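Novice:
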Amino acid sequence: EEEDGYIGRTEFDSPEVDPEVIVFKEHSLKPGEFYNVNIEESQAFDLYGKVLL
414 EEEDGYIGRT EFDSPEVDPE VIVFKEHSLK PGEFYNVNIE ESQAFDLYGK VLL
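So for the sequence shown, my numbering puts the first residue at 414; every next one is plus one.
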């Protein structure tokens with residue numbers, strides 16, 4: 414959990430080498446759980462999105 418949101422990964426990514434998915438902080442999320450995220454923005458290596466509940 415970061416100030417602006419949560420840091421996650423896609424189901425295909427490895428923590429050491431792959432980009433991050435930054436999930437905007439709209440809901441309280443539990444570490445280790447899987448969530449569906451709608452990607453709304455991207456930058457060079459990272460994706461940004463919102464959780465679909």
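Quick reminder that beta carbons are idealized off the backbone N, C-alpha and C, glycines included.
Keep in mind that this is a model prediction, so the values were computed, not measured.
How would you write the range of the beta strand (DSSP E) that G418 sits in, first residue to last?
Specialist: The residue given as residue 418 occupies position 5 in the sequence shown. G418 to G421 is the span of the beta strand (DSSP E), which, as asked, contains G418.
Novice: How close, in whole Å, do the beta carbons of E433 and I420 come, if the pair is a contact with beta carbons under 8 angstroms?
Specialist: Within the sequence shown, numbered from 1, the residue matching residue 433 stands at position 20. Within the sequence shown, numbered from 1, the residue matching residue 420 stands at position 7. Indeed they touch by this definition, with Cβ atoms about 5 angstroms apart.
Novice: Just how far apart, CA to CA, sit N449 and K443?
Specialist: Translated into the one-based positions of the sequence shown, residue 449 becomes position 36. Translated into the one-based positions of the sequence shown, residue 443 becomes position 30. So the alpha carbons of these two residues sit roughly 13 angstroms apart.
Novice: Could you check if V430 is buried or exposed, using at least 16 other CB atoms within 10 Å of its CB as the buried criterion?
Specialist: Taking the first residue of the sequence shown as position 1, residue 430 is located at position 17. When all chains shown are included, V430 counts as exposed.
Novice: Let's test the definition: count the other Cβ atoms within 10 Å of the Cβ of G445 and tell me whether it reaches 16, buried, or not, exposed.
Specialist: The residue you call residue 445 lines up with position 32 of the sequence shown. Exposed, by the Cβ-count rule.
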